[in-house]
Structures are given as structure tokens and as C-alpha cells.
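For what it's worth, our numbering labels the leading residue of the sequence shown as 595, then goes sequentially.
Every residue gets a Cβ at the ideal spot worked out from N, C-alpha and C, and that includes glycine.
In this text, all values refer to a predicted model and were calculated from it rather than measured experimentally.
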Amino acid sequence: MTEMAISNYLGIFILLLLSYPFVLVVLNIAIFSKDLRTKYTRWLNIFFAVSMLALLYFHMQTEVIFGKELLDQWYGSHPE
Numbered sequence: 595m596t597e598m599a600i601s602n603y604l605g606i607f608i609l610l611l612l613s614y615p616f617v618l619v620v621l622n623i624a625i626f627s628k629d630l631r632t633k634y635t636r637w638l639n640i641f642f643a644v645s646m647l648a649l650l651y652f653h654m655q656t657e658v659i660f661g662k663e664l665l666d667q668w669y670g671s672h673p674e
């Protein structure tokens, strides 16, 4: 059987997507000053948004050929 089509970019994207709420809560608990909290929260949001968009773009550039074994077998028996 062919392995599932997943790229490292998609794995990191899913990891960031699942860890974002926890990181945001930890950041808001750790910083007491309201001004600093809004500043660091804004930068955290920008960092996560940019990195997730980049990872999604790189994942979409990954070429996946489904049924490669079947295609190789077909082209092997039909060399034209």
C-alpha cells in the first residue's frame, strides 16, 4: 500500500494550529502589564499568521502523485 500523502509542512502547520491557543493563554497569564500583553499578543498573532500562511503555501507546492505504483506498472508494460 502507498503511504498517506502528507508533507512535513502540513505536519508543522497542524502542530502550530493545535498549539496556538495554549501558547496564547500562557502568554496572557505570564505577562501582567496590559500594555505589554497587547503588544506581545499582537506580535504573537502576526508570527503565527505569517508562519501558518507560509507553511500552507509550501505544502500546496508539494507534488503528490496518487497511484504511482500503478502508473509505473502500466508504463512498464506499455512502453509507448
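Pairwise C-alpha distance: residue j and residue i
i, j, result
"Ile-625", "Arg-631", "6 Å"
"Thr-656", "Lys-628", "42 Å"
"Thr-635", "Val-620", "11 Å"
"Asn-676", "Lys-662", "This structure gives no information on residue 676, because the portion of the chain shown stretches from 595 to 674."
"Asp-666", "Leu-647", "34 Å"
"Ser-677", "Trp-637", "Residue 677 falls outside the range modelled here, since the chain spans only 595 to 674, and no answer is possible."
"Leu-618", "Tyr-651", "24 Å"
Residue i and residue j closer than 8 Å at C-beta
i, j, result
"Phe-616", "Leu-649", "no"
"Phe-642", "Leu-610", "yes"
"His-653", "Leu-612", "no"
Bounding residues of the alpha helix (DSSP H) (the contiguous stretch that carries residue i)
i, result
"Gly-670", "662-671"
"Ile-625", "Note, Ile-625: premise wrong, no alpha helix (DSSP H); not H, not E."
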